[in-house]
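Taken in order, these protein sequences are the chains called L and A.
Its first residue numbered 1, the first sequence is counted upward by one per residue in the numbering used here.
Its first residue numbered 1001, the second sequence is counted upward by one per residue in the numbering used here.
Just so you know, even glycine gets a beta-carbon here, dropped at the ideal spot from N, CA and C.
All values derive from a computational prediction rather than experimental measurement.
Everything on this sheet refers to the single structure shown next.
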Amino acid sequence: MEKIKNFLFRTKGRGKLHITDIFTYLYLGFGVLIMFGPVLWLVLSSFKTPGEIARFPPRILPYRQEKVEIQGYDEPLPLYDVALEDGSTRRLAQVRRVGLECQFVDPENSDEIIKANIKDREPVESVSFNLKNYREGVKSFNFGRYLRNSVIVTVLATILTLIVNSMAAFGLSKYKYPGRNAIFLVMISTLMVPISVVMVPIYLVITKVGWNNTLTALIVPGAATPTGVFLLRQYMLTIPDELIDAARIDGASEWRIYAQIIMPLARPALAVLTIFSVMWRWNDFLWPLIVLTESEYFTLQVGLNSFQGQLNIQWHLILAMTVLTLLPITFVFAFLQKNITTGIATTGMK
Amino acid sequence: MISNQVKLTIRIKSFLDGVFNTLVDTFIKIVDILFAPIQRLLGRSNIAYFFVLPNLLIFGIFILTPMLMNFGYAFTGGTEFQLLERSWVGFSNFGKLLSCENYLNPNTCQEDLFWRAVHNTAFYVISQVSLMIIISLITALVLNREIKARGFFRSVYFYPVLLSPIVVALIWKWILQENGLLNGILVNLGFDKMPFLVDASWARFWVVIISIWAYMGFYTLILLAGLQSIPTALYEAAEIDGANRFQSFFRITLPLLMPTMTVVLVLSLIRAVQIFDLVFAFNRGGPGTATLFLVQYIYNNGFASSVKHFGLAASASLCMALVLIVLTLLQMSLQGEEV
């Protein structure tokens, strides 16, 4: 008992649990509810049947009505607890409904038909996580196609970003030549100009190059991100030049210096950029929305957007597809959360 | 003892590592062979151009050129898409955007949608940024206390930052819809249902709340890093001098956190001015024009409407760029002071 008490009220450093500690944990607990609650609600809802989805007020867990197979009937029949006229309650299967009257049979003894008013029945339900929404959604939503596009774009764009940005950062940090500062300044000055500001002309450029409705249009333009160059350059500046001089004396070409000395040493910065790039590309929305008009090339985000824009919203399918869309990034976060949070905290960029 | 299965996995892993390393090595060697003549041609110090070139090409074609072309669109009119076919109209696009009898009343403006967007964006930026910074600061201060499982709580607040705008919008649409969770809770508590998505004021309110929910973890993280960089010796010294908690907060924490606060302020301002995707996915700027923001105004004119007003879109985006540049310069000068 004493041990449990000690464990529960143990504090770091200070001896006693202060009143402010209680407020601290209340605040944090409330935070967990607010930050995770909506996502949890989405996940729970995604397992609900369309009937449950339409129910108001909603219930927290997904329920499904119990059904039972009875000889002589083609379909499994729904189970109800029925209050009978003699005051007893029996568990019966409903055969059909006529107006306000329902006809039931006893699952044990299916010959006799029992009639009861619709008010007197109560459905028998159990918690069930059904995957029907997911199966149906994947079929009608073309999930595989969108997923494939999203993965291709994210992977290729990240590789391209890493190569192109690290080369530029190397060229901007380890050499002295005319125009270096000018190039760097021009790049940095566009650091804060978002794509939203140049939407129209960049679309014209893409049209001129003939990249409308291609995944290339999603991969290449964003690869020269000034953020990435800046991040890598600042890191490479801290790598001592003596290493490079030593390699030159040993006869290494400039390419080898970049690929075999600088790149391995710049690993921490490259890791941060990788995380950023994956996040940017996976969640990218405005740019694919502009460039893609044929659903064949949609990424998950654009696909999801057009899916919810359809006339009658089919919430049960949308919820399931939303869960599938947030799953990959959630997994990445679960495994890399420490690297991600420290990476962002130290660079101050998203 | 290592089981056979583990041994096998280790062997497969080292095999794959070997394959990967050989591939990378071969790639480096092949490029090296091709590279030798380039290096001979350019010389050692000019070789930098070779490294900068790929980035510069992509940057020049897809970022710099469009930025310059934007001016072309802003000063030309008509509905032609090709820049050279468009006719020069001088400042008339800007004239159209800015002509207004009373800037506080969008109905008196020639381009009333633009001014509605300006008003909505201004309201959003002011309320979202101020509220978010306060909440982020409180959360960072709480996380900076001596608490258990700090890493876990930090991740909890950060998690929504990673979600895509569409996912965030759908999560909240699902909660706020007429028969959603929130109305369910209200009805259970004995209140009436609220028209969260249909009513203009509610929609504005929720856009602010949702974007705070989605972005605050990022700023909390930066503020927390700022708090943790304050040396604890200062607090110890203050305690010895008899300072209480409030005094050490206002005399030590706040002043030393100021540089981080300005970065957070300017960054969140820049982001807030550009709000688009979250709201677009949430309710398409509606109901009516209640949450029509600047970027969506540009998007509507350039892409969504049947008659494309590229000139208006471009000149509106130049106005927005001006605001962003001012904010960026502000950040640079503030950060410059600090360095």
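With a threshold of 8 Å on Cβ separation, who are the neighbours of residue i within its own chain once the five nearest residues in sequence on each side are excluded?
i, result
"residue 1038(A)", "1047 and 1050"
"residue 1133(A)", "1219, 1261, 1264, 1265 and 1268"
"residue 13(L)", "With a pLDDT of only 49 at residue 13(L), under the threshold of 50, the placement of this residue in the model should not be trusted, and no figure is reported."
"residue 172(L)", "180, 183, 184, 229 and 233"
"residue 294(L)", "213"
"residue 317(L)", "133, 136, 137, 140, 141 and 307"
Residues in its own chain within less than 7 Å of residue i by CB, not counting five upstream and five downstream?
i, result
"residue 281(L)", "153, 154, 157 and 158"
"residue 52(L)", "62 and 63"
"residue 42(L)", "319, 322 and 323"
"residue 1277(A)", "1165"
"residue 70(L)", "77, 93, 105, 107 and 110"
"residue 1290(A)", "1200, 1203 and 1204"
"residue 1144(A)", "1224, 1227 and 1228"
"residue 290(L)", "199 and 203"
Please compile the residues from chain A whose C-beta is within a distance smaller than 7 Å of the C-beta of residue i.
i, result
"residue 41(L)", "1175 and 1181"
"residue 305(L)", "1166 and 1281"
"residue 286(L)", "1276 and 1277"
"residue 154(L)", "Within 7 Å Cβ-Cβ: nothing; residue 154(L) doesn't reach chain A, min ~12 Å."
"residue 333(L)", "1159 and 1162"
"residue 314(L)", "Here the premise fails: no neighbours, minimum Cβ distance about 12 Å."
"residue 326(L)", "1163 and 1167"
Would you mind telling me which residues of chain L sit closer than 8 Å to residue i, beta carbon to beta carbon, in chain order?
i, result
"residue 1052(A)", "167, 168, 171, 172 and 183"
"residue 1114(A)", "Here the premise fails: no neighbours, minimum Cβ distance about 15 Å."
"residue 1036(A)", "253"
In chain L, what lies closer than 9 Å to residue i by C-beta?
i, result
"residue 1010(A)", "Going along chain L, no residue has its Cβ under 9 Å from residue 1010(A), so there is no contact; the nearest lies around 20 Å."
"residue 1313(A)", "199 and 200"
"residue 1187(A)", "56 and 57"
Using the Cβ count rule (16 or more neighbours within 10 Å means buried), how would you classify residue i?
i, result
"residue 1212(A)", "buried"
"residue 101(L)", "exposed"
"residue 284(L)", "buried"
"residue 1034(A)", "exposed"
"residue 222(L)", "buried"
"residue 18(L)", "exposed"
"residue 1245(A)", "exposed"
"residue 217(L)", "buried"
"residue 198(L)", "buried"
"residue 131(L)", "exposed"
"residue 48(L)", "buried"
"residue 1102(A)", "exposed"
"residue 1052(A)", "buried"
"residue 88(L)", "exposed"
"residue 1088(A)", "exposed"
Name the chain L residues that come within less than 7 Å of residue i, Cβ to Cβ?
i, result
"residue 1044(A)", "254"
"residue 1258(A)", "Going along chain L, no residue has its Cβ under 7 Å from residue 1258(A), so there is no contact; the nearest lies around 15 Å."
"residue 1155(A)", "337 and 341"
"residue 1055(A)", "164, 165, 167, 168, 224 and 229"
"residue 1320(A)", "197"
"residue 1129(A)", "What residue 1129(A) touches in chain L: nothing, since even the nearest Cβ is about 16 Å away."
Leaving aside the five residues before and after residue i along the sequence, list all residues of the same chain whose C-beta is less than 6 Å from its C-beta, in chain order.
i, result
"residue 1210(A)", "1172"
"residue 249(L)", "none"
Starting from the beta carbon of residue i, find every residue of chain A whose beta carbon is closer than 9 Å, and list them in chain order.
i, result
"residue 274(L)", "Going along chain A, no residue has its Cβ under 9 Å from residue 274(L), so there is no contact; the nearest lies around 14 Å."
"residue 129(L)", "Within 9 Å Cβ-Cβ: nothing; residue 129(L) doesn't reach chain A, min ~18 Å."
"residue 31(L)", "1139, 1142, 1153, 1156 and 1157"
"residue 176(L)", "1045 and 1048"
"residue 322(L)", "1166, 1167, 1170, 1171 and 1174"
Could you tell me which residues DSSP puts in a beta bridge with residue i?
i, result
"residue 171(L)", "Answer by DSSP bridge pairing: none, since residue 171(L) is not bridged."
"residue 92(L)", "80(L)"
"residue 115(L)", "103(L)"
"residue 1077(A)", "1087(A)"
"residue 126(L)", "64(L)"
"residue 1207(A)", "Per DSSP, none; premise fails for residue 1207(A)."
"residue 1100(A)", "1109(A)"
"residue 97(L)", "102(L)"
"residue 180(L)", "For residue 180(L), which the question treats as bridged, DSSP gives no partner whatsoever."
"residue 121(L)", "82(L)"
Listing by chain order, which chain A residues have their CB less than 8 Å from the CB of residue i?
i, result
"residue 282(L)", "1164"
"residue 260(L)", "1028"
"residue 204(L)", "1066, 1069, 1081, 1082 and 1083"
"residue 36(L)", "1156 and 1159"
Residue ranges of each alpha helix (DSSP H) within the stretch 282-330 of chain L, 4 or longer: 286-291 and 300-309
Interface residues of the stretch 219-239 of chain L facing chain D [CB-CB below 7 Å]: Chain labels in this structure do not include chain D; the protein chains are L and A.
Whole runs of the alpha helix (DSSP H) within the stretch 37-88 of chain L, excluding any shorter than 4 residues: 50-54
Contiguous alpha helix (DSSP H) assignments of at least 4 residues, all confined to the stretch 1122-1169 of chain A: Runs found: 1150-1162.
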